[in-house]
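**Student:** Residue numbers (this note's numbering): 8 to 271.
Each residue gets a CB set at the ideal place from its N, CA and C atoms; glycine is no exception.
Structure follows, in structure tokens:
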């Protein structure tokens, strides 16, 4: 306890509104999709912030971890409030988490589709993990090429991801459309750009079937895996840009249980 108290003595404070300005430079909030909800979810922009926890989801375990670590602010990719609330009923999940945040005096800010599309954001991080070259940005997707043509199964098997589902359209991999999260809406764009493979998450059966019929491979890495990759890099960047403010990355886990190395 004394150790934590002495650590706080050396921490500088920043107003939340100033941190929001910095986040707006990293990933402008006005670049979020019209249907999205980003920015300050819970809290007061005039709050003093000394410690930040960066996470993918505003889940109860994340809030408890922030409280235990003494964080004043949680920054997440996914928003807590996505649809309008009709009431604040603590028996409901979102309302209960809002109450947890308020009781712990912890603010919450979310950077969602604005962070997907931003330079150095989620899509760029995914393209980097796939080792794409000659990258072009198309909103929240990135299109790039591999250094050489590869077999789908051998290439996918070497990717730094725990669980992968494949749709084999019978083509080698060279030109790839990559989109974090749920990106099968970019299938038409991938076809227009003559990609042979699309990499994303949350691929539904009929979308996968459409892709195979169209002659394009699908690599489904899962929603969590394609977005959690930004948590560490974002925390590191904020640690550099917010000197004196303690910034930590939350080590989250996928809500789905997987067997490593499974292919379907």
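Taking the alpha carbon of residue 119 as the point to measure from, which residue in 27, 208 and 34 has its own alpha carbon closest?
**Tutor:** With distances taken between Cα atoms, residue 119 lies closest to 34.
**Student:** Express the C-alpha separation of residue 52 and residue 46 in angstroms, rounding to a whole number.
**Tutor:** Using only the alpha carbons, I get a separation of about 11 Å.
**Student:** What does the Cβ neighbour count give for residue 211, buried or exposed, with the cut at 16 atoms within 10 Å?
**Tutor:** Exposed, since its Cβ has fewer than 16 Cβ neighbours within 10 Å.
**Student:** Within the same chain, show all residues whose beta-carbon is closer than 7 Å to that of residue 235, passing over the 5 residues directly before and after it, in chain order.
**Tutor:** So the list reads 63 and 259, once near-sequence residues are dropped.
**Student:** Taking the C-alpha atoms as reference points, what is the distance between residue 208 and residue 54?
**Tutor:** Near 36 Å, if we compare the C-alpha coordinates of residue 54 and residue 208.
**Student:** By DSSP, does residue 172 sit in helix, in strand, or in coil?
**Tutor:** Strand.
**Student:** How long is the line joining the alpha carbons of residue 174 and residue 159, rounded to whole angstroms?
**Tutor:** For residue 174 and residue 159, the distance between alpha carbons rounds to 9 Å.
**Student:** Check this for me: beta carbons of residue 105 and residue 49, under 8 Å apart or not?
**Tutor:** Yes. Within cutoff.
**Student:** Of all the options 216, 125, 233 and 231, which has the alpha carbon lying nearest to the alpha carbon of residue 225?
**Tutor:** Per the Cα distances, 216.
**Student:** From 193, 182 and 69, pick the residue whose C-alpha is nearest to that of residue 2; which is it?
**Tutor:** This structure cannot speak to residue 2, because the chain is shown only from 8 to 271.
**Student:** Looking only at C-alpha atoms, which of 165, 164, 115 and 134 sits nearest to residue 152?
**Tutor:** Residue 134 is the option with its Cα nearest to residue 152.
**Student:** Would you say residue 272 and residue 139 are within 8 Å of each other, going by their C-beta atoms?
**Tutor:** Outside the shown range of the chain, which is 8 to 271, sits residue 272, and nothing can be said about it.
**Student:** What separation, rounded to the nearest whole angstrom, lies between the Cα atoms of residue 180 and residue 204?
**Tutor:** Their backbone Cα atoms lie some 6 Å apart in a straight line.
**Student:** Using CA atoms only, rank isn't needed, just tell me which of 171, 252 and 263 is closest to residue 25.
**Tutor:** Among 171, 252 and 263, the Cα nearest to that of residue 25 is on 252.
**Student:** In terms of alpha-carbon separation, which member of 115, 100 and 88 lies closest to residue 58?
**Tutor:** Selected option, being the one with the closest Cα: 115.
**Student:** Ignoring anything shorter than 3 residues or poking outside the stretch 156-204, list the beta strand (DSSP E) runs there in chain order.
**Tutor:** Those beta strand (DSSP E) runs which fall completely within the stretch 156-204 and span 3+ residues are 172-174 and 180-189.
**Student:** Using only alpha-carbon positions, find the residue among 206, 200, 147 and 145 that is nearest to residue 172.
**Tutor:** Checked all of 206, 200, 147 and 145; the closest Cα to residue 172 is 206.
**Student:** Output yes or no for whether 8 Å exceeds the beta carbon distance between residue 101 and residue 87.
**Tutor:** Contact: yes.
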